[in-house]
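Note that the working numbering has the sequence shown beginning at 21, numbered continuously upward.
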Amino acid sequence: MTDLRLDPATRSSGGPPVSAPLISDYGVIGDMRTAALIGLDGGIDWCCLPRFDSGSVFAALLDRERGGTWAIRPCGEWTSTQRYLPRTNILETTFRTPDGVVILTDFMPVDEDGRPSGPHPEIHRQLRCPRGRVPMQMVFMPRFEYGARATRLEVLRAGLFATDRTDQVLTLSSARPFQWVVEQSTATTQFDIEKGESRWLVLRYDDDDVHPVDRYESARKLDITAAYWARWAAAVRYSGPFRGMVKRSALALKLLTHAETGAIIAAATTSLPEAIGGQRNWDYRFVWLRDAAFTLAALDAVGHHREADAFMRFLKRVCRHEGGGHLQTMYGIDGRRDLVERQLDHLHGYLGSRPVRVGNGAVDQLQLDVYGEVLETADIWRRNHEMTEGTWRVLRGLVNWVSRNWHRPDSSIWEVRGETRHYVFSKVMSWVALDRGVRMAEELGLESDTSGWRAARDTLHAEIMAKGWSERHQSFVQAYGDDALDASALAIPMVRFLPWSHPRSQSTVRAIARELTSADGELVYRYRHPDGLEGEEGAFSICTFWLAQALAMIGERDRAERVFRRMLRHANHVGLYSEEIDPLTGQFLGNFPQAFTHIALINCASALARVGPAK
């Protein structure tokens, strides 16, 4: 077996305007404070400042006319390819034209210790011309607060000054001045770049002064940023055959962490649809405790433990404000509880997919599985960290809450917006919370109600085995009293509720492989029955990786690798995934890049390495 080699994607244009890019056309840069999506056409079409969950400044991904962009590309005809500099989150886009070649390098600077560089975010863009003389065009069109606020744009000697007439300010500066034309709060310019020439541009947030760019300072920040990412990637421990994709996934997960608070977001975007033209458009720029816990487990598995320590501090802060052991499904990056969902009716949506939403109404749902994921992560975390009295007090409160509430119906891992039910996965993860609580208390000699926890755990296990099983399908099902299958059942042996050798584990895997896969058997749906929302959805990337991992663990190693390799081919040109894939077109669907998917890739690759090569 060999690692999958990513072929550079190509974008071409017969001249402006360029057609709207697809989700898969983007790479992502970030400074662990916020992120920016940069297309194969050189456009920054999504960026929220100063944080992941702030209002957008560039949102052309959701509305080409009103969203805002910062685009740099050749005039006339061109093709482009895009890649990350090796072992970094620094993006390089290469334009080829009849007149020559231009390389665009994009990054957000970080310090040597991985902290964001400076008090406010910056985006640095370098243009280099290794061959020829190329006419270029640039459009700077900032649109504050998702395009809802008017932008005032002013040309100054050293660059551009943009504000929304409140407290938000952007400056765009360069080492050499451009001849800007400003019309309707949009600045455009055209210029030539010739062989051997290099030009730097820097976007700064919350800086009232427009300073000429010091190209040596920008180059120094590029070197520091590249060195940090290379060191971080080098520390990824993985001895299997898919090293390149594992490291890229780990780097993507690291980009989705918030350095200051330890928070980990589910994805960098909002409202990218699960079905084109549909209403399943959600905001993922928050801390789902489930996603964060899985992320930390994946990073821990490849040797990165510091992130878990930071997240445990975040969790303790959250729990101090909650009391009684109750947890919300998600929180803001700063631990904020109020994430009211609202619609941005002025935005057209990605390929016309409306509504565009910010905030997330699922914050008010009860999702019992969250407790299991948090306790599982804590059990992993404590192997490399000291269990303090304060940390155990928090964890003990969570286990106590589960022991009193596991019998309640909930909204499940999939956040079903309808009637609550007794979802099997939620019950299994409640069992995990109780089991890991007992394990930690007994092994570390910690004060707890272990007898009560153990009794609740055993009662719950027996109930799931009796009520969560379908004799007809020979599989665990989605909910009590229902015969519908759910791909989340693949995780049941992963969390050690049953061993992989158990007949029910093996038959569940085979039932899902038989009944929840696409027509070609290549991709996996999370379920196939109506869920109370209009429209259909694509196949879930995480579920496909889950199936590959499960097949490997039940002894179907060859089939597992086939599914895994096919899924690797669905990565975009820089190795990133969105939440879903359209089985008919291969188009990306859902928010991007999605942590869940990259977690599952790492775990599946690790499982394949443990099982050994195919026979």
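Each residue gets a CB set at the ideal place from its N, CA and C atoms; glycine is no exception.
Per-residue DSSP class, three states only, for residue i
i, result
"Pro36", "Note that Pro36 has pLDDT 38, beneath the 50 cutoff, so the model's placement of it is unreliable and no number is given."
"Arg548", "coil"
"Tyr304", "coil"
"Met265", "helix"
"Ile110", "coil"
"Trp451", "helix"
"Ser527", "helix"
"Asp540", "coil"
"Pro136", "strand"
"Asp430", "strand"
"Ile353", "coil"
"Asp65", "strand"
"Gly457", "helix"
"Arg86", "coil"
"Ile58", "strand"
"Ile284", "strand"
"Trp381", "Going by the sequence as given, residue 381 is Gly instead of Trp. The answer is helix: DSSP assigns Gly381 an H, G or I state."
"Arg25", "Only weak support exists for where Arg25 lies, its pLDDT of 35 falling under 50; the value from the coordinates is given anyway. Of the three classes helix, strand and coil, the one that applies to Arg25 here is coil, per DSSP."
"Leu173", "strand"
"Leu364", "coil"
"Glu554", "coil"
"Glu462", "helix"
"Ser259", "coil"
"Val376", "coil"
"Arg240", "helix"
Within 7 Å, strictly: CB atoms of residue i and residue j
i, j, result
"Met460", "Asp389", "no"
"Ile92", "Met161", "no"
"Phe616", "Ile532", "no"
"Asp226", "Thr191", "no"
"Ala625", "Gly323", "no"
"Phe445", "Ser508", "yes"
"Gly345", "Trp421", "yes"
"Asn611", "Thr101", "no"
"Arg333", "Gly282", "yes"
"Gln569", "Ala511", "no"
"Trp308", "Ala286", "yes"
"Ser495", "Thr528", "yes"
"Asp311", "Gly379", "no"
"Thr183", "Arg196", "no"
"Ala272", "His618", "yes"
Run of the alpha helix (DSSP H) containing residue i, from where it starts to where it stops
i, result
"Val414", "Glu409 to Asn425"
"His618", "Ala615 to Val631"
"Arg151", "Run containing Arg151: none in the alpha helix (DSSP H); it sits in the beta strand (DSSP E), Glu142 to Met161."
"Thr479", "Thr470 to Lys487"
"Leu316", "Leu309 to Ala321"
"Leu567", "Ser561 to Met573"
"Val338", "Arg326 to Glu342"
Which listed residue (the options) has its alpha carbon closest to that of residue i
i, options, result
"Leu418", "Asn404, His442 and Trp451", "Trp451"
"Asp540", "Phe496, Gly59, Ala509 and Met587", "Met587"
"Ile213", "His618, Leu81, Pro519 and Pro155", "Pro155"
"Thr476", "Gln614, Val448 and Ser238", "The sequence as given places Ala at residue 476; Thr does not occur at that position. Comparing Cα positions, the closest option is Val448."
"Arg474", "Ser137, Ala453, Gly465 and Ser490", "Ala453"
"Arg177", "Ser193, Val594 and Ala168", "Ser193"
"Ser76", "Ala168, Lys487 and Arg340", "Ala168"
"Phe306", "Arg53, Arg326 and Gly352", "Gly352"
"Arg516", "Ala591, Met573 and Ile49", "Met573"
"Gly88", "Arg402, Phe164 and Gly62", "Phe164"
"Asp73", "Trp98, Arg268 and Ile284", "Ile284"
"Ala559", "Leu124, Glu576, Leu536 and Thr117", "Leu536"
"Glu342", "Ala328, Pro129 and Asp358", "Asp358"
"Arg71", "Gly50, Ala321 and Arg377", "Gly50"
"His481", "Leu518, Gln498, Val202 and Glu467", "Leu518"
Where the beta strand (DSSP E) through residue i begins and ends
i, result
"Val583", "Note, Val583: premise wrong, no beta strand (DSSP E); alpha helix (DSSP H) at Arg577 to Leu588."
"Ser218", "Ser218 to Tyr225"
"Gly392", "Segment Asp389 to Trp401 is the alpha helix (DSSP H) holding Gly392; no beta strand (DSSP E) there."
"Gln204", "That residue, Gln204, is in no beta strand (DSSP E); it is neither H nor E in DSSP."
"Ile49", "Tyr46 to Gly50"
"Tyr644", "Not covered by the structure: residue 644. The range shown for the chain is 21 to 635."
"Ser76", "Ser76 to Phe78"
"Arg103", "Trp98 to Tyr104"
Any non-hydrogen atom of the ligand HEM closer than 6 Å to residue i Cβ
i, result
"Leu147", "As for the ligand HEM, it is missing from this structure, which has no ligand bound."
query = If you pair each beta-carbon of the segment 357-373 with each one of the segment 315-332, do three or more pairs fall below 8 Å?
reply = No: the two stretches stay apart, fewer than three of their Cβ pairs being nearer than 8 Å.
* Are at least three pairs of beta-carbons, each pair with one atom in the segment 128-145 and one in the segment 196-215, less than 8 Å apart? -> The segment 128-145 vs the segment 196-215: no contact.
Legend entry - Stretch pair the segment 595-614 + the segment 41-56: three plus CB contacts closer than 8 Å: Output reads yes: the segment 41-56 touches the segment 595-614.
* Asked: Quick check: the segment 293-300 against the segment 236-247, are there 3 or more CB pairs under 8 Å?
  -> Short answer: they don't touch.
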